[in-house]
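Visitor:
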Amino acid sequence: MKKIGLLGRIVIAIALAVGIGSILNTIPEKYGLWFVELGATFNMLFGGFLSFVVPLIIIGFIAPGIAKLGKGSAKLLGLSTGLAYLSTIVAGVLAFFVASNLLPGLIGSPAADNIGDPSEALASAFFELEIEPIMGVLTSLIFAFLMGIGMAAIGSKTLLSVFDEFQQLIEKTISSVIIPLLPFHIFGVFLNMTYAGQVASVLSVFAMVFVLIIAMHLIMLLIQYTAAGALTHRNPFRLLKTMAPAYFTALGTQSSAATIPVTVRQARKTGASDKVVDFTVPLFANIHLSGSTITLTTCAIGVMLMNGLPVSIGPMMQFIAVLGVTMIAAPGVPGGAVMAALGLLSSMLGFTEPMIALMIALYMAQDSFGTATNVTGDGALAIITDKFASPGTEVSSPAPADTKTV
1 MKKIGLLGRI VIAIALAVGI GSILNTIPEK YGLWFVELGA TFNMLFGGFL
51 SFVVPLIIIG FIAPGIAKLG KGSAKLLGLS TGLAYLSTIV AGVLAFFVAS
101 NLLPGLIGSP AADNIGDPSE ALASAFFELE IEPIMGVLTS LIFAFLMGIG
151 MAAIGSKTLL SVFDEFQQLI EKTISSVIIP LLPFHIFGVF LNMTYAGQVA
201 SVLSVFAMVF VLIIAMHLIM LLIQYTAAGA LTHRNPFRLL KTMAPAYFTA
251 LGTQSSAATI PVTVRQARKT GASDKVVDFT VPLFANIHLS GSTITLTTCA
301 IGVMLMNGLP VSIGPMMQFI AVLGVTMIAA PGVPGGAVMA ALGLLSSMLG
351 FTEPMIALMI ALYMAQDSFG TATNVTGDGA LAIITDKFAS PGTEVSSPAP
401 ADTKTV
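Per full-length UniProt numbering: the sequence shown = residues 1 to 406.
#1: In chain order, which beta strand (DSSP E) runs of at least 3 residues are fully inside the segment 232 to 320?
#2: Just verifying my parser: in three-state terms, what is the DSSP assignment at E130?
#3: Could you have a look at P331 and say whether DSSP puts it in helix, strand or coil?
#4: Can you give the beta carbon distance from I383 to T270, rounded, assuming they're within the 8 Å contact cut?
#5: Cβ of P180 within 8 Å of Cβ of P55?
#6: What residue does the alpha helix (DSSP H) around T158 start on, and which one ends it?
#7: Report the three-state DSSP secondary structure of A125 (helix, strand or coil).
#8: Who are the Cβ neighbours of I23 in its own chain at under 6 Å, not counting the five residues just before and after it?
#9: Grab the span of the alpha helix (DSSP H) containing I383 for me, first residue to last.
#10: Classify A305 as buried or exposed, calling it buried when 16 or more other Cβ atoms lie within 10 Å of its own Cβ.
#11: Residues in its own chain within less than 6 Å of M348 by CB, not counting five upstream and five downstream?
#12: With DSSP run on the structure shown, which of helix, strand or coil describes I66?
#13: Answer yes if the segment 363 to 372 comes into contact with the segment 240 to 254, meaning at least three C-beta pairs across the two stretches below 8 Å, and no otherwise.
#14: Is there contact here, the segment 134 to 152 with the segment 58 to 66, by at least three beta-carbon pairs under 8 Å?
#15: Taking 8 Å as the threshold (C-beta atoms), are S346 and I356 in contact?
#16: Thinking C-alpha only, which one of G65, L86, I186 is nearest I10?
#17: Looking only at C-alpha atoms, which of T158, S290, I178 sits nearest to L222?
#18: Helix, strand or coil for V202, going by three-state DSSP, please let me know.
#19: So the candidates are G150, L212, V90, A99; which of them puts its Cα closest to the Cα of P64?
#20: Can you list, in chain order, the residues of its chain whose CB lies under 6 Å from that of F97, leaving out five sequence neighbours each side?
#21: Leaving aside the five residues before and after L283 along the sequence, list all residues of the same chain whose C-beta is less than 7 Å from its C-beta, in chain order.
#22: By alpha-carbon positions, which one of L106, V262, K275 ends up nearest to M243?
#23: Determine the direct distance from the alpha carbon of E128 to that of K387, and round the result to whole angstroms.
#24: Starting from the C-beta of V281, find all residues in its chain whose C-beta is less than 7 Å away, skip the five residues before and the five after it, and write them out in chain order.
#25: Tell me whether the beta-carbon of T352 lies closer than 8 Å to the beta-carbon of A246.
#26: Nearest to F126 by alpha carbon, out of F35, I301, I213, I66?
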């Protein structure tokens, strides 16, 4: 009997979580709540471990990746960043024109007072244990850039060998700990959401808005993979199928950074070079948020319409342009994008505190779909980056990567 793949395990975990969560809702709380809290405790511990490992993943992949790209690293970094920003801006503009034309006819009077932060209804862990990362995501990115470009500039072999072994250590952690436990983490997330029921109530109020957002997510992915397929003469639908495990993993983790191991593994299978994938995917996980930009822009327009604020092209284009830059600094963790955008919502679009609270509730209720679009789009950008970078980039052969471990 063939071993069930990661995608199959994730689908089974989600189906079981929804089924068990629905059953637990029908029995007395004292009998069912402890099981949900047990899952929440596991998620707290696993989530803390992921948060700790994410900066190490970024350093372990990006630093040696830049060093091995040699003199072409600066070009690749600029190309990757430019593509990520362009993709984010295209996503925001798409969302603006679609939402500003369709949402006015779909949104009636809001019942904003009945909507709260969906996370407040979730079951809590038995105890709290905070696992602090050794550094922040942005700090790890800067450190990785500094070390990678420095090793490339001085041609360091000794330091590169250290980072190569560090990368192998991180890959072993990913293959032996993160990947096997990931379906259990996703099971706990969906079990808690199903048992709480708060997310479903938020989604029901704004069902049409979310359908529109998901439709635009799919359109954006088709645009990205059509471009990647046209440049590399590959079937865009086959490329999308290859990246499907990353999409479904992100649905559960709600984190671009936490999905990096799966995204790297699947992006390598698309035909892009391992060297470019190992460099770009961890980078894109933190700077490319096209799906989140679609969600933020659409939800912002929806909240503005519900509160009687005008939606004009000038302020919205400025908001999208600055949002694209802000997304580069947004942490690749659940809710990271909306938290990074709060200042823009109030300063550029005039959001009040109640509007911001509503925005957070709307965004967090479907954060996983935007995150899934982000990470799936990372695969397309990695293919495009590889196409433009490979002909003019001299690279040394990296240590063989075991595709089963990432």
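Glycine included, every Cβ here is placed at the ideal spot set by N, Cα and C. Because the structure is a prediction, the values reported are computed rather than measured.
Guide: In brief:
#1: none
#2: coil
#3: Legend: pLDDT at P331 = 49, less than 50; position of this residue unreliable, no value from coordinates given.
#4: 6 Å
#5: no
#6: 158 to 173
#7: coil
#8: none
#9: 367 to 389
#10: For the record, residue 305 in the displayed sequence is Leu; it is not Ala. With 16 or more other Cβ atoms within 10 Å, it is buried.
#11: F319
#12: helix
#13: yes
#14: yes
#15: yes
#16: I186
#17: S290
#18: Bear in mind that the predicted position of V202 carries a pLDDT of just 47, short of 50, making it too unreliable to give a figure here.
#19: G150
#20: none
#21: I62, S80
#22: V262
#23: 46 Å
#24: I260, T263, V264, A267, D378, A382
#25: no
#26: F35
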